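Undergrad: In the order they appear, the protein sequences are chains A and B.
Taking the working numbering, I'd label the letters of the first sequence as residues 41 to 247.
Taking the working numbering, I'd label the letters of the second sequence as residues 41 to 247.
Take a look at this one; I'll ask things after.
2 protein chains.
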Amino acid sequence: MSLYETLRTDLLMGRYAPGSKLRMETLKETYGGSVNVLRENLVRLSAEGLVEAEDQKGFRVASLTPDRLRDLTRLRILLETDGARHSFGNGGVEWESNLVAAHHKLAYMEGKMHEDETAHFLMWHQCDYEFHAALIAACGSGLHQRYHKQVYDQFRQYVVVELKTYGFRGSDIVDEHEAVMRAALNRDLAAFEQALSRHLEVFASRA
Amino acid sequence: MSLYETLRTDLLMGRYAPGSKLRMETLKETYGGSVNVLRENLVRLSAEGLVEAEDQKGFRVASLTPDRLRDLTRLRILLETDGARHSFGNGGVEWESNLVAAHHKLAYMEGKMHEDETAHFLMWHQCDYEFHAALIAACGSGLHQRYHKQVYDQFRQYVVVELKTYGFRGSDIVDEHEAVMRAALNRDLAAFEQALSRHLEVFASRA
DNA sequence: TCAATGGATTTTTCAGAAAATATTTCATTT
DNA sequence: AAATGAAATATTTTCTGAAAAATCCATTGA
Chain A
41 MSLYETLRTD LLMGRYAPGS KLRMETLKET YGGSVNVLRE NLVRLSAEGL
91 VEAEDQKGFR VASLTPDRLR DLTRLRILLE TDGARHSFGN GGVEWESNLV
141 AAHHKLAYME GKMHEDETAH FLMWHQCDYE FHAALIAACG SGLHQRYHKQ
191 VYDQFRQYVV VELKTYGFRG SDIVDEHEAV MRAALNRDLA AFEQALSRHL
241 EVFASRA
Chain B
41 MSLYETLRTD LLMGRYAPGS KLRMETLKET YGGSVNVLRE NLVRLSAEGL
91 VEAEDQKGFR VASLTPDRLR DLTRLRILLE TDGARHSFGN GGVEWESNLV
141 AAHHKLAYME GKMHEDETAH FLMWHQCDYE FHAALIAACG SGLHQRYHKQ
191 VYDQFRQYVV VELKTYGFRG SDIVDEHEAV MRAALNRDLA AFEQALSRHL
241 EVFASRA
């Protein structure tokens, strides 16, 4: 795994507390590599919103403010809803069956989460992303998908912290995902937006 | 001006042909500074979509493909329409008058463009951005605005090339901007989306 | 208490070289 | 003549160690 991916995973999975300082010396010890390479990656990660860069004051993990969560929630709803709208138009059986598959896998992982949260932590996140990505997979715009991933990843920071603090919030999530998928398969945009908004905003109001 | 801003402006204003290679040696001669700093900035600019990075093959100016233009157009319409929708709700007289002011300045610059395109080139771009930014200025989400700027800047690459190739396409643009502003002031979302789509898609179909 | 000061810490930049990879050149073979 | 492959060249990428610039912090003096 490249330094970029390693760093990114560690940031996403809550290895460092949000808002905490990322000191060069420490990073060098942890990841090896020289200052330049580390900086390059930190610069990239700040452009992607996972890291904050303050001029002459180095880098820190992006902070978890309520405002940012609100912004991220709104953007996710916007990008997923519009992406889904296009998928409704472009997507055929292929798209549908990939979506059903992703949802099945996700539902399975959510079952597993009740057994052992920490063991399936990473895998559940992976499946959750793949489900939400599948919704917009047929939107026909790579750039749209790229921005969605960026926003999703920032949102995930909040999810990880919430999950580590309060534990997996169980069957509600399963129902919400189910409702989202059903609306997508029915190509019912209004229902989709409502189900998705519910899914994300319920989370945002808890976190 | 920082190296980042200088580089960014040069890229945006078409100093280098789209798709052309950015060789380290050349950049060092042009901008000074050492390799590391240059790389940091190029990494950042590739995360923002103005530069393409190919592993082990260095950096090049982002290429102008029709697909990318289509994606960028769609995203601009999405972000500006949704941003405007929120502005309609949140924006008061303050927002309105800033919008009117931005439009007035833009219309003035578009008059100047008929006199001397190259002289007012940079200023017109500035005003065009400020107008489009003013539309979503009251959307209430800094992140939304940040992403919009990113998309706008990438779109601008195409505008600059088109403008340099065919010259300023005159009074059509003025009318389009006028229609967009009027719809915004009337808080008529459907009209707004239509006017904006027209404005951007007419351009996209020409370029 | 508050602000100024000076030393310690940290970030940022630098220059040059080494390592890794790409590209070109050119002789050889098919 | 076209294709192949190895050597030479060029370029990117990484590393090192250090200097420069900025920030942080604890102590001093008002």
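From the three backbone atoms N, C-alpha and C, an ideal C-beta is built for every residue, glycine too.
These numbers come from a predicted model, not from an experiment.
Can you give the beta carbon distance from SER127 of chain B to ALA177 of chain B, rounded, assuming they're within the 8 angstroms contact cut?
TA: Walking along the second sequence from the start, residue 127 of chain B turns up at place 87. Walking along the second sequence from the start, residue 177 of chain B turns up at place 137. That pair is a contact at about 7 angstroms.
Undergrad: Which residues in chain A have a C-beta closer than 9 angstroms to the C-beta of LEU187 of chain B? List them in chain order.
TA: As a first step, residue 187 of chain B is located in the second sequence; it is residue number 147 there, counting from the start. According to the sequence shown, residue 187 of chain B is Tyr rather than Leu. Near TYR187 of chain B (Cβ distances below 9 angstroms), the residues of chain A are LEU115, TYR187, GLN190, VAL191.
Undergrad: Please name the residue in A:SER211, A:ALA231, A:ASP212 whose C-alpha comes closest to that of VAL220 of chain A.
TA: Residue 220 of chain A sits at position 180 when you count from the first residue of the first sequence. Ranking the options by Cα distance to VAL220 of chain A, first place goes to A:ALA231.
Undergrad: Is PHE99 of chain B helix, strand or coil when you go by DSSP?
TA: Mapped onto the second sequence, residue 99 of chain B falls at position 59. PHE99 of chain B: strand per DSSP, three-state reduction.
Undergrad: Does the segment 56-68 of chain A come close enough to the segment 80-100 of chain A to have 3 or more Cβ pairs within less than 8 angstroms?
TA: yes
Undergrad: What residue does the alpha helix (DSSP H) around ALA177 of chain B start on, and which one ends it?
TA: Within the second sequence, numbered from 1, the residue matching residue 177 of chain B stands at position 137. It is not in any alpha helix (DSSP H) - ALA177 of chain B carries neither H nor E in the DSSP assignment.
Undergrad: For SER211 of chain B, which residues in chain A fall below 9 angstroms Cβ to Cβ?
TA: The residue labelled residue 211 of chain B in the question sits at position 171 within the second sequence. Simply none; closest approach about 31 angstroms.
Undergrad: Cβ closer than 7 angstroms: which chain A residues qualify as neighbours of GLY182 of chain B?
TA: Counted from its first residue, the second sequence places residue 182 of chain B at position 142. Neighbours of GLY182 of chain B on chain A, chain order: ASP111.
Undergrad: Measure the alpha-carbon distance for LEU248 of chain A versus PHE243 of chain A and round it to whole angstroms.
TA: In the structure as shown, chain A starts at 41 and stops at 247, and residue 248 of chain A therefore has no counterpart that could be examined.
Undergrad: Please classify ALA147 of chain B: does DSSP put it in a helix, a strand, or coil?
TA: Residue mapping note: residue 147 of chain B aligns to position 107 of the second sequence, counting from 1. Residue state, collapsed to three classes: helix.
Undergrad: Can you tell which of A:ARG125, A:ALA124, A:ARG79, A:HIS143 has its C-alpha closest to the C-alpha of GLU94 of chain A?
TA: Stepping through the first sequence from its first residue, residue 94 of chain A is reached at position 54. Here the closest residue by C-alpha is A:ARG79.
Undergrad: Got a sec? Which residues, its chain only, sit under 6 angstroms from MET153 of chain B by beta carbon, not counting five neighbours each side?
TA: Taking the second sequence and counting its residues from 1, one reaches residue 153 of chain B at position 113. If we look at MET153 of chain B and ignore the five residues flanking it on each side, its Cβ neighbours are HIS160, TRP164, PHE208.
Undergrad: Closer than 9 angstroms, Cβ to Cβ, to anything on chain B: give me those residues from the segment 84-109 of chain A, in chain order.
TA: ARG84, LEU85, SER86, ALA87, GLU88, GLY89, ASP107, ARG108
Undergrad: Go through its chain and collect everything with a Cβ distance to LEU240 of chain A's Cβ below 7 angstroms, but skip five positions before and after it.
TA: Here the question's residue 240 of chain A lines up with position 200 in the first sequence. Taking C-beta separations shorter than 7 angstroms and ignoring five residues to either side along the sequence, the partners of LEU240 of chain A in its chain run THR113, ARG116, ILE117, following chain order.
Undergrad: Since GLU62 of chain B sits in a beta bridge, which residues does DSSP pair it with?
TA: The count along the second sequence starts at 1 and reaches residue 62 of chain B at position 22. One point to set straight first is that residue 62 of chain B is Leu, not Glu, in the sequence displayed. According to DSSP, LEU62 of chain B bridges with B:PHE99.
Undergrad: What is the DSSP secondary structure of GLU241 of chain B, reduced to helix, strand or coil?
TA: Indexing the second sequence from 1 puts residue 241 of chain B at position 201. Helix, per DSSP.
Undergrad: Compute the distance between the beta-carbons of PHE171 of chain A and HIS143 of chain A, then report whether it is under 9 angstroms.
TA: Within the first sequence, numbered from 1, the residue matching residue 171 of chain A stands at position 131. Within the first sequence, numbered from 1, the residue matching residue 143 of chain A stands at position 103. Closer than 9 angstroms, so yes.
Undergrad: Near ARG196 of chain A, what residues of its chain come up, given a Cβ to Cβ distance below 8 angstroms and the 5 sequence neighbours on each side ignored?
TA: Here residue 196 of chain A corresponds to residue number 156 of the first sequence, with the count starting at 1. So the list reads LEU52, HIS165, TYR169, once near-sequence residues are dropped.
Undergrad: With a Cβ-Cβ cutoff of 9 angstroms, do GLU216 of chain B and ARG238 of chain B count as a contact?
TA: The count along the second sequence starts at 1 and reaches residue 216 of chain B at position 176. The count along the second sequence starts at 1 and reaches residue 238 of chain B at position 198. Pairing GLU216 of chain B with ARG238 of chain B gives a Cβ-Cβ distance under 9 angstroms.
Undergrad: Under 9 angstroms, do LEU225 of chain B and LEU139 of chain B count as touching if we go by C-beta distance?
TA: The residue labelled residue 225 of chain B in the question sits at position 185 within the second sequence. The residue labelled residue 139 of chain B in the question sits at position 99 within the second sequence. Yes, the Cβ-Cβ distance between LEU225 of chain B and LEU139 of chain B is below 9 angstroms.
Undergrad: Which two residues bound the contiguous alpha helix (DSSP H) that contains GLU218 of chain B?
TA: Here residue 218 of chain B is taken as the residue at index 178 of the second sequence, counted from 1. Its alpha helix (DSSP H) spans residues 210-225.
Undergrad: CA-CA distance, TYR148 of chain B and ARG108 of chain B?
TA: Mapped onto the second sequence, residue 148 of chain B falls at position 108. Mapped onto the second sequence, residue 108 of chain B falls at position 68. Annotation: TYR148 of chain B to ARG108 of chain B spans about 31 angstroms, alpha carbon to alpha carbon.
Undergrad: Quick check: what's the CA-CA separation for ALA173 of chain B versus GLU157 of chain A?
TA: Counting from one through the second sequence, the residue named residue 173 of chain B turns up at place 133. Counting from one through the first sequence, the residue named residue 157 of chain A turns up at place 117. ALA173 of chain B and GLU157 of chain A: Cα-Cα distance of roughly 44 angstroms.
Undergrad: Taking C-beta pairs closer than 7 angstroms, name the residues in chain A that GLU80 of chain B reaches, listed in chain order.
TA: As a working note, residue 80 of chain B is residue 40 in the second sequence. Residues of chain A passing the Cβ test: ARG79, GLU80, VAL83.
Undergrad: If you scan the segment 74-139 of chain A from start to end, which runs of the beta strand (DSSP E) of 3 or more residues do you find wholly inside it?
TA: 91-94, 98-101
Undergrad: If you draw a straight line from the C-alpha of SER74 of chain B to the C-alpha of LYS68 of chain B, how long is it?
TA: Against the second sequence, residue 74 of chain B aligns to sequence position 34. Against the second sequence, residue 68 of chain B aligns to sequence position 28. Within the model, the alpha-carbon separation for SER74 of chain B versus LYS68 of chain B is close to 7 angstroms.
Undergrad: State yes or no: is the beta carbon of ASN76 of chain B nearer than 9 angstroms to at least one beta carbon in chain A?
TA: Mapped onto the second sequence, residue 76 of chain B falls at position 36. It does: the Cβ of ASN76 of chain B has a partner Cβ on chain A nearer than 9 angstroms.
Undergrad: Pick out whichever of A:GLY182, A:VAL77, A:TYR198, A:TYR192 has its Cα sitting closest to the Cα of LEU43 of chain A.
TA: Here residue 43 of chain A refers to the residue found at position 3 when the first sequence is read from its first residue. Residue A:VAL77 is the option with its Cα nearest to LEU43 of chain A.
Undergrad: Considering only residues of the same chain and omitting the five flanking positions on each side of GLU136 of chain A, which have a CB-CB separation below 7 angstroms?
TA: Looking up residue 136 of chain A in the first sequence gives position 96. Contacts found: LEU225.
Undergrad: Taking 9 angstroms as the CB-CB limit, is ASP122 of chain A close to chain B?
TA: As a first step, residue 122 of chain A is located in the first sequence; it is residue number 82 there, counting from the start. Judged by the 9 angstroms Cβ criterion, ASP122 of chain A is in contact with chain B.
Undergrad: In whole angstroms, what is the alpha-carbon distance linking GLU45 of chain B and THR70 of chain B?
TA: Here residue 45 of chain B corresponds to residue number 5 of the second sequence, with the count starting at 1. Here residue 70 of chain B corresponds to residue number 30 of the second sequence, with the count starting at 1. Straight-line Cα distance between these residues: approximately 14 angstroms.
Undergrad: So, are the CB atoms of GLN185 of chain B and GLY123 of chain B less than 9 angstroms apart?
TA: Within the second sequence, residue 185 of chain B is the residue found at index 145, counting from 1. Within the second sequence, residue 123 of chain B is the residue found at index 83, counting from 1. Taking 9 angstroms as the Cβ cut-off, GLN185 of chain B and GLY123 of chain B qualify as a contacting pair.
Undergrad: Applying the criterion that 16 or more other CB atoms from any shown protein chain within 10 Å of the CB defines a buried residue, is TYR206 of chain A buried or exposed?
TA: Walking along the first sequence from the start, residue 206 of chain A turns up at place 166. Exposed, because fewer than 16 other Cβ atoms sit within 10 Å of the Cβ of TYR206 of chain A.
Undergrad: List, in chain order, every chain A residue whose beta-carbon is nearer than 9 angstroms to that of LEU118 of chain B.
TA: Taking the second sequence and counting its residues from 1, one reaches residue 118 of chain B at position 78. Within 9 angstroms Cβ-Cβ: LEU118, LEU119, ASP122, HIS184.
Undergrad: Between LEU119 of chain A and VAL201 of chain A, is the Cβ-Cβ spacing less than 9 angstroms?
TA: Stepping through the first sequence from its first residue, residue 119 of chain A is reached at position 79. Stepping through the first sequence from its first residue, residue 201 of chain A is reached at position 161. Cβ atoms of LEU119 of chain A and VAL201 of chain A: not closer than 9 angstroms.
Undergrad: With 16 as the cutoff for other CB atoms within 10 Å, does VAL133 of chain B come out buried or exposed?
TA: Position 93 of the second sequence, counted from the first residue, corresponds to residue 133 of chain B. With fewer than 16 other Cβ atoms within 10 Å, it is exposed.
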